[in-house]
Structures are given as C-alpha cells and as structure tokens.
Amino acid sequence: MIGARRNLRSLSSAARAVKAAKTDVPRVSLSLAARGVVSCARIESSASPVGATARNYSTKSVPLTAETYASRVQRNEIYKKLDDKDVDYFRAVLSDNNGIITDADDLLFYNEDWMRKYRGQSQLVLKPKTTEQVSQILAYCNENKLAVVPQGGNTGLVGGSNPVFDEIVLSLSLLNKIRSFDPVSGILKCDAGVILETADQFLAENGYIFPLDLGAKGSCHVGGNVATNAGGLRLLRYGSLHGSVLGLEAVLPDGTIYNSMDSLRKDNTGYDLKQLFIGSEGTLGVITGVSVLCPSRPQAFNVAFLAVSSYEAVQEVFVGARKELSEILSAFEFMDGKSQILTARHLKLDHPIESGDYPFYILIETSGSNKEHDDEKLETFLGNAMEEGLVDDGIIAQDDAQVKSLWSWRESIPEASTIGGGVYKYDVSLPLADLYGLVEAANDKLQKAGIVGLDDETKPVVEAIGYGHVGDGNLHLNVCVREYSKEIEKVLEPFVYEWIQSKKGSISAEHGLGFQKKNYIGYSKSDIEIKMIKDIKNHYDPNGIMNPYKYV
Amino acid sequence: MSTKLRILVPVKRVIDFAIKPRINKTQTGVETKGVKFSINPFCDIALEESIRIREADKDKVENIHAVSIGPTKAQDVLRTALAKGADNSTLVDVGDEEVEPLSVAKLLQKVVEKDNSNLVILGKQAIDDDANQTGQMLAGLLNWPQATNASKVEIDGDNVTVTREIDGGADTLRAKLPLIITTDLRLNEPRYASLPNIMKAKKKPLEKLKASDLGIELVKRIETLKVVEPPVRNAGIKVETVDELVSKLKELKAI
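Chains A and B supply the protein sequences, listed in that same order. Counting from 400, one number per residue, gives the positions in the first sequence under this note's numbering. Counting from 748, one number per residue, gives the positions in the second sequence under this note's numbering.
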C-alpha cells in the first residue's frame, strides 16, 4: 500500500503538486522565493517577454515605508536610538546567539512584509524562548524608551508587524511549544509562536480542530492570530476568537506578566481582560501564551464549487444553504470571475468548471459527523438549486485531492492577486446587499481614471477583484497592480473608505488597522470610541513603546 | 464497419490516497474506521480513459459498464463513476471480506462473458494491496491480449495501440480487440463530477449481485500474518566542521 501511495505522490501530475504547494498561501517562504527570483531575473531578463515584465516589478527592492509615507509619518524622537550597550543587555538576557539578529541581510526578512509593500529599518531582531525573557526585554525597553514591534509569522496584510523606522522586532518564532491539551474539554494551551497548521495537525491527531483556518496557516502564528483577531475561512461555523479564546498569557510594556491561561468557559468575575488583547495588534503588550477551546474535528467534509450568473444569485444560494444545510454548513465563500481568471494564470491550470466563464463562483464546504447524511443534504440542496436555475453549473469533490484542489481556487486568490507586481487590499465588512457594490464602484473609478487594463502592460492597475466570506458579510477588495504608486492610491483613498462609511460598513473586517489603516479608523469608530481606545493604550503603555505609528 | 466498443471498467473503493493509512491495534491490517474512502486513483484514470474514448468518437462506444467488487458502501464509487460518465454499474457485494486478485479476476471474467465486453480498462493496481495482478490474471483467464501500464491509448477500428513508459523510453504495443488495458498514472487526469451529471447519475442503473450469483466461490489462498509500519528513519545529525564530517563519514565507512 505504501508503495503505490508514494508513487502517486512523487509521480503526481503537475496539478496535484501545485495543489499541495498552494494550500498555505502567503507562506513566509514566498518572500524568500521572490528574492530568489531577483538574481535569476537579472541574468535571464530576455527569457520571456511577458514573464519578464511581470518580474521587473517584483524584483524591485521594496521602498522604505519611512520614505514612501514621509508626508504622513516621522520618527518620534522620544524613542531612544539603539546602541551597543542595549544589544549587550539583550544578548545577556537571551544567553544564546541564535536569538539575536543584527546582520542586514538577515534583518530584511523581518523588516519587509510578504506583499513587498512595507519595509522598516530595524537593526535588531530578538527571538526570546521564554515568557520571562519577553518580560525582561520589555521592561528594559520601557525603561530606556526603546520602541518594539512584536512579530508572529509576518503574514499580516496591513503592515502591522513590520517596523516603520528603527523599532526592535520581537519575533515570537522560538516561543513555539504546545503546552497542554485536554482531550475531554478540548482546551489547547500553547505558546504564541506555534504555527497555526502545526497546532491544527497536533489537534487532528487527537480528533479535534483549531477553530480558525486561513490561507496563511502554514506560516502564521497562533499568537499573531489572536493579537489581530484573525477571522478566516471557518468563522461562519466556529465564531470569532473573541469567543473561542479562553485565556491568555501576555507581557505588559513594563514587563508585568498577565496570566489568565487557566480561565474557565464560564467565569463572570470582573472585566474580561483578555478581550483587550484580542485584536490589539501588539499595542498593549505581547501575547506569549494562548488557551483556546477547540471543537471536535468533523469526520466528513464535502466541497462544492458552483457557478452563478449574478451577485443576487450568490445571495439567494446563501440563504438556501443556511436553511437547507444548516448545521453542516462550514464555509460559504464567493469569488468574482476576474479573480478566477487571475488564479488560473497563477496556478497555470484550467478552471475546474469547464462549461464557460461565469461572473461569480461559490465554494460551499460542509462538515459533519456522517458522510451519507451530509452527501444527501448537499446533493438535494444543490439539485434543487440547479433545477430552479439559481446555479448555472457546479462540481462536487469526489475525493480529498479534489477537496484540496477546489479550495486552492479560493485560497490562492491572495497570491494570484500579486502576480502583476503588487496589490492594494481592502478587507471590509458591508451589509450583504451592498457587498459587491464596492468592487463595481472601485472598478468604475479606476476605469474613469484610465489606469486599469487586465492585459495592457502600460496601465499601472491590472484589475480590481472581489471575493470573500459571504457568511460573515466580509468582502476582500483586491486592487491588483503592476506597481505601487501614489497615483493609484489617490484614486482609491479615501474613496473606498467613504463608500464603506456611506453604507455603514467597517473599513477592516479581519485584517486589522496596522499601518495601512491607522488614519482611517474614524470611518468606522466614533470619537468617543477612539478616545476610550487611546485612554486604555495610554494607561498600559504610557511611554508608547508598543508598536508605534500604527493602530490609532 | 468496425466493432462497437463495450467497455468494462472495474473500480475499487480504497482509503483515500490523501490519507496516511494507520495500522490497526491488532496488526492484522489497516485501520478503516472513520477513514475517508474514495475511488482508487488508477481506476479513476481507467474510467476517465474510457470516457475520453467515447468523447473522441461518439459512435464508437456502445456502452461503458462500471463494476465494483467490495462492501455495500462501494456503491459510492459506482455513483461517482456514473456521474463521471459510465452508463450502468454493478456492485458485487462481498461484504467486508478482502478478495484476492485471482477471485476478482474470476468474477470479472464472468461479467465480461455476461456483458459480451470487448475491452476491459482497469487500473494497473489498487493503492491498498498494491497487488498489480488482476489485469494480468483476467487476460490469462479470458485468453485475451493485454497491454499493461498504459500511458497512451489510441484506437483505430479494431486495432488498439498502447504506449507504455519504460526505463529510458517508450514501448509501443499493438493488438486487436478484445483486449485488456491496465492504466498508469500519466495516462490522463480525471475530471470532476459535475452537478448536472451527479443528478443524472441517480437515475442510472446500479445492479447488485453476490459472488454466488456469478457462480464464483471466494477462496482465500493467502493468510496475512502481520502488518507493521515501515521502520522510522532516524533523524540526521549536525556537524560543526568539515573535519568532523569527514571523520563521521569514515566512521560509517561511507568514504
């Protein structure tokens, strides 16, 4: 048995290999690979004209955030500049040379984000292995007014985990042990630096599942997920981290260790302090440990991929799916036709739905405990939808390889949207009826400005595409570009934010504020709310050393 | 006027190839509880090939018949086969009993005779027992020519040309119908089952038989004594210097 299986893996067709590689989308290695391309592209720049053009943009070195946004942000001189004495201190705390990075090339990995949009100028990366070390580092930084950026897997989308100027990067990647798991209650306790997929694989062996799943699972850290309140693909089923995180261990800026790791499911004594850290994006302290309630792992998964002719049909299928699939529905994702065109180019594959190009596609996932039961429900639902003419075409995965392959057509979109050179990402919450209206409005604006062309290499914008989690009212508007430029930004901002505000949406559904949206929180939060947020920040971080220049 | 093809495609239900099989506690086989089963990938390729033959020339193929020998649940893979394009299907229900390749070949021989099939396309092996025997045994029982491990199949009238990948090149065979073809991995890439076809498949025939209905008694010739996992490879070590590397290699008599 093992023999043929191995055969299949090694000999598998290109498509299967691509599939496997694509399941973890913005892998950290992506940026490494991109850098690898730099040298090759220069040598063989005449190799293929189309590829070369696309490559030219991606080979450019990422401009410094401080220069790109010079008009918006200046280094705050209250922060001390790092000197040798500081480095010596940290060396003594970590007592291990592997935990300190000062080499310029090695620093680049931490200074840049994976979209190659932001680049900081940090001179020092610290990788503590224990919570006590984090505490000693922060206490020292607080005393000496050294600014700090906590960093997890560096898969963020708003520049929140990269330094802007010379902030010290505090990477949690070596704080990566699973602490305990209780197979009766399903409570997992682990260090903040555990990679999401590692945690999920550990849980899978015990018959449980992490209540969060997202494209970057192969790189992102559990602690980073909590700090940014990541939403992801299964929020529809398992709810937000505000509900599933039971307790946290976090180090406050002055070095105090806050610990609620032993929290219970029900506990109505006092303020629920952990909620402050969930979604705080490293502005209040550093999360070092997470206790999370994990649901039992479903035994049966089904994935269907559907083609529909309008956004109205997407909504109707969603209403039907909620009604008829009810408790087994675990994901409902929609994608527009253009996102699939770019993904097909990126994956170098034909689209699985062969009967033609459609304006919208839907991915439905069900998960439950009984395959026959789920199959029947799904097939009955889809059969009816088809007969009523709601769905134009569709496919149902017949084995696990097809399940993964179909998911890759959704999960690869973020990567596919960068193939032109870069991407402006807007991750927004909107009332369902208006969800896709934003993509249409953005395209309209870009068309009028005359800067968009799918195959026209002279235009700076490739296309504005839309996809997202219909179940959560969450749209991802990706403006795929050939280069980042002020011109494009002026067309899009504040237009996009104003549009969202006019529909009473949120300018950040799950990606957070970070650096990108710092100045735009006012579109979604009232003055009173913003003042309360600032009061809390000033109370716990009076010196403002935690992740400065971002958030509010 | 050349002969119309009556194609028989045997399909086996196996543990999904994406799943890592685990040995059961009694070491008598592989754990099957709570594990996802799917169509054997090589059988899927065989089915795909038969559908492509029909798509290439609609009038050439009279019938594609999918047969599975396995437990009642093997109906699932037959439904998949019908959704992908088989015309009718038969389940030979043998319960949870493992059936050896010779018995499978004997059962298939009866089905071929019953159907008057003139082309059998089947996977070169199933990924559960890795036997790679059924096709060959069936050819022997029927006294038909066989072309195994096909990576390309061309049909021209009654002549069938099959290409097989061999070390350092390709081996091309030609035979007249009737014929047995077993499929290799690179023959084609199976399609998805489309929603309209899944719906239509519900109305296609699924016949249920017992081995005794075909007059075959299932006999076991092989006894499984023990199933164990392959030994775990030891983790490598890190050496600090080239000298240390050289001395380690010498120690292991590698140089």
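Yeah, the Cβ is synthetic: ideal placement off N, Cα and C, and Gly gets one too.
Under 9 Å, CB to CB, which of the residues in the segment 793 to 805 of chain A have a partner in chain B?
Hits within the stretch, in order: Gly793, Ile794, Ile795, Ala796, Gln797, Asp798, Asp799, Ala800, Gln801, Val802, Lys803, Ser804, Leu805.
Name the residues in the segment 939 to 958 of chain B whose C-beta lies less than 7 Å from a C-beta of chain A; which are they?
Here the close residues are Tyr939, Ala940, Ser941, Leu942, Pro943, Ile945, Met946.
Provide the residue span of the alpha helix (DSSP H) that contains Gln674 of chain A, from first to last.
Position 275 of the first sequence, counting from 1, holds the residue named residue 674 of chain A. Start and end: 673 to 676.
Please list the terminal residues of the continuous alpha helix (DSSP H) segment that includes Ala815 of chain A.
Position 416 of the first sequence holds residue 815 of chain A. Counting along the chain, the alpha helix (DSSP H) containing Ala815 of chain A begins and ends at 812 to 815.
Which of the three DSSP states, helix, strand or coil, is assigned to Tyr355 of chain A?
Only positions 400 to 951 of chain A appear in this structure, which leaves residue 355 of chain A out of reach.
Counting contacts by CB-CB distance shorter than 7 Å, is Ala420 of chain A in contact with chain B?
Here residue 420 of chain A refers to the residue found at position 21 when the first sequence is read from its first residue. Annotation note: pLDDT 36 at Ala420 of chain A (below 50); position unreliable, no value reported.
Do you know offhand how far Val547 of chain A's Cα is from Lys776 of chain A's?
One-based indexing of the first sequence puts residue 547 of chain A at position 148. One-based indexing of the first sequence puts residue 776 of chain A at position 377. The alpha-carbon atoms of Val547 of chain A and Lys776 of chain A are separated by roughly 51 Å.
My output table needs one value for Pro1022 of chain B: the three-state DSSP class, helix, strand or coil.
Nothing can be reported for residue 1022 of chain B: it is not among the residues displayed for chain B, which extend from 748 to 1002.
Can you check DSSP and say which residues form a bridge with Ile887 of chain A?
To locate residue 887 of chain A, count along the first sequence from 1; it is residue 488. Note: Ile887 of chain A sits in no beta bridge, so no partner.
What whole-angstrom Cβ distance do Asp791 of chain A and Ala706 of chain A have, given they're in contact under 8 Å?
Counted from its first residue, the first sequence places residue 791 of chain A at position 392. Counted from its first residue, the first sequence places residue 706 of chain A at position 307. About 5 Å; that satisfies the 8 Å criterion.
Indicate the three-state DSSP secondary structure (helix, strand or coil) for Val878 of chain A in the structure shown.
Your numbering for residue 878 of chain A matches position 479 in the first sequence. Three-state DSSP puts Val878 of chain A in a strand.
Whole angstroms are fine: how far does the CA of Asp482 of chain A sit from the CA of Asp653 of chain A?
Locating residue 653 of chain A in the first sequence gives position 254, where the first residue counts as 1. Locating residue 482 of chain A in the first sequence gives position 83, where the first residue counts as 1. If I take the Cα positions, the gap works out to 20 Å.
Identify the continuous beta strand (DSSP E) that holds Ser783 of chain A and give its terminal residues.
Along the first sequence, one-based indexing puts residue 783 of chain A at 384. A small fix is needed here, since residue 783 of chain A is Asn in this sequence, not Ser. Here Asn783 of chain A belongs to no beta strand (DSSP E); instead the alpha helix (DSSP H) covers 770 to 786.
Report the option in A:Ile761, A:Pro830, A:Ala841, A:Val838 whose CA atom is closest to the CA atom of Ser807 of chain A.
Mapped onto the first sequence, residue 807 of chain A falls at position 408. Taking only the C-alpha atoms, the option nearest Ser807 of chain A is A:Ile761.
Could you pull out every residue in the same chain whose Cβ sits closer than 7 Å to the Cβ of Leu829 of chain A, ignoring the five residues on either side in sequence?
Here residue 829 of chain A refers to the residue found at position 430 when the first sequence is read from its first residue. Leu837, Gly872, Leu874, Ile899, Lys902, Gly904, listed in sequence order.
State yes or no: is the beta carbon of Leu781 of chain A nearer than 7 Å to at least one beta carbon in chain B?
Within the first sequence, the letter at position 382 stands for residue 781 of chain A. Closer than 7 Å: yes.
Answer with buried or exposed for Thr464 of chain A, where buried requires no fewer than 16 other C-beta atoms within 10 angstroms of its C-beta.
For the purposes of this step, residue 464 of chain A is taken as the residue at position 65 of the first sequence. The residue in question, Thr464 of chain A, is buried, as its Cβ has 16 or more Cβ neighbours within 10 Å.
Between Ala433 of chain A and Glu732 of chain A, what straight-line distance do the alpha-carbon atoms span, to the nearest angstrom?
Taking the first residue of the first sequence as 1, we reach residue 433 of chain A at position 34. Taking the first residue of the first sequence as 1, we reach residue 732 of chain A at position 333. The predicted position of Ala433 of chain A is uncertain, since its pLDDT is 35 and thus under 50; no value can be drawn from it.
Strictly under 7 Å for the Cβ-Cβ distance: is Ser785 of chain B near chain A by that measure?
The residue given as residue 785 of chain B occupies position 38 in the second sequence. Cβ-Cβ to chain A under 7 Å: yes for Ser785 of chain B.
In this structure, does DSSP put Gly688 of chain A in helix, strand or coil?
Position 289 of the first sequence holds residue 688 of chain A. Note: Gly688 of chain A maps to strand in three-state DSSP.
Note the first and the last residue of the continuous alpha helix (DSSP H) segment covering Pro788 of chain B.
Position 41 of the second sequence, counting from 1, holds the residue named residue 788 of chain B. Per DSSP, Pro788 of chain B belongs to the alpha helix (DSSP H) from 788 to 803.
Nearest-angstrom Cα distance between Val1029 of chain B and Leu613 of chain A?
Nothing can be reported for residue 1029 of chain B, as the shown portion of chain B is limited to 748 through 1002.
Can you grab the Cα-Cα spacing for the pair Asn890 of chain B / Val909 of chain B, in whole Å?
Residue mapping note: residue 890 of chain B aligns to position 143 of the second sequence, counting from 1. Residue mapping note: residue 909 of chain B aligns to position 162 of the second sequence, counting from 1. Going by the C-alpha atoms only, they are around 18 Å apart.
Got a sec: which bits of the segment 746 to 760 of chain A sit with their beta carbon under 7 Å from any beta carbon on chain B, in order along the chain?
From the segment 746 to 760 of chain A, only Pro751 have a Cβ closer than 7 Å to chain B.
Going by the DSSP bridge assignment, what does Gly821 of chain A pair with across the sheet?
As a working note, residue 821 of chain A is residue 422 in the first sequence. Its beta-bridge partners are A:Val880.
Between Met514 of chain A and Gly821 of chain A, which are expected to be in contact by the criterion C-beta below 8 Å, what is the C-beta distance as a whole number of angstroms?
Counting from one through the first sequence, the residue named residue 514 of chain A turns up at place 115. Counting from one through the first sequence, the residue named residue 821 of chain A turns up at place 422. Their Cβ separation, rounded to whole angstroms, is 7 Å, which keeps Met514 of chain A and Gly821 of chain A in contact under 8 Å.
How is the beta strand (DSSP E) around His812 of chain B delimited, first residue to last?
For the purposes of this step, residue 812 of chain B is taken as the residue at position 65 of the second sequence. Here the beta strand (DSSP E) through His812 of chain B covers 808 to 817.
Considering only their Cβ atoms, is the gap separating Ala852 of chain B from Leu829 of chain B smaller than 7 Å?
Position 82 of the second sequence, counted from the start, is the residue given in the question as residue 829 of chain B. Position 105 of the second sequence, counted from the start, is the residue given in the question as residue 852 of chain B. No, they are not a contact pair.
So, is the C-beta of Gly915 of chain B closer than 7 Å to a C-beta in chain A?
Residue numbering aside, residue 915 of chain B sits at position 168 when the second sequence is read from its first letter. Not one chain A Cβ lies under 7 Å of Gly915 of chain B.
Just the C-alpha distance for Ala420 of chain A and Lys923 of chain B, rounded to the nearest angstrom, thanks.
Numbered from 1 along the first sequence, position 21 holds the residue referred to as residue 420 of chain A. Numbered from 1 along the second sequence, position 176 holds the residue referred to as residue 923 of chain B. Interpretation of Ala420 of chain A is limited by its pLDDT of 36, a score under 50 that renders its predicted location unreliable; no figure is taken from the coordinates.
I'd like the ranges of any beta strand (DSSP E) spanning at least 3 consecutive residues and lying wholly in the segment 502 to 551 of chain A.
List check, beta strand (DSSP E) in window: 547 to 550.
So that I know if they touch, is there some Cβ in chain B lying closer than 7 Å to that of Gln698 of chain A?
Reading the first sequence from its first residue, position 299 is the one you call residue 698 of chain A. It does; some Cβ of chain B falls within 7 Å.
If I measure Cβ to Cβ from Phe914 of chain A and keep anything under 6 Å in the same chain, skipping five residues before and after, which residues do I get?
Counting from 1 along the first sequence, the entry for residue 914 of chain A is found at position 515. Excluding residues within five positions, the ones whose Cβ falls inside 6 Å are Gly558, Lys949.
Which whole-angstrom value describes the C-beta separation of Ile792 of chain B and Thr930 of chain B, a residue pair presumed to lie in contact below a C-beta threshold of 8 Å?
In the second sequence, the residue the question calls residue 792 of chain B occupies position 45. In the second sequence, the residue the question calls residue 930 of chain B occupies position 183. Yes, they are in contact, since the Cβ atoms of Ile792 of chain B and Thr930 of chain B sit about 5 Å apart, within 8 Å.
Please give me, in chain order, every unbroken run of the beta strand (DSSP E) with length at least 3 that falls completely inside the segment 635 to 723 of chain A.
Fully enclosed beta strand (DSSP E) runs of 3 or longer: 644 to 650, 656 to 658, 685 to 692, 699 to 707.
Using a C-beta to C-beta distance shorter than 7 Å, which residues of chain B count as neighbours of Glu778 of chain A?
Working through the first sequence from its first residue, we reach residue 778 of chain A at position 379. The answer, in chain order, is Ile945.
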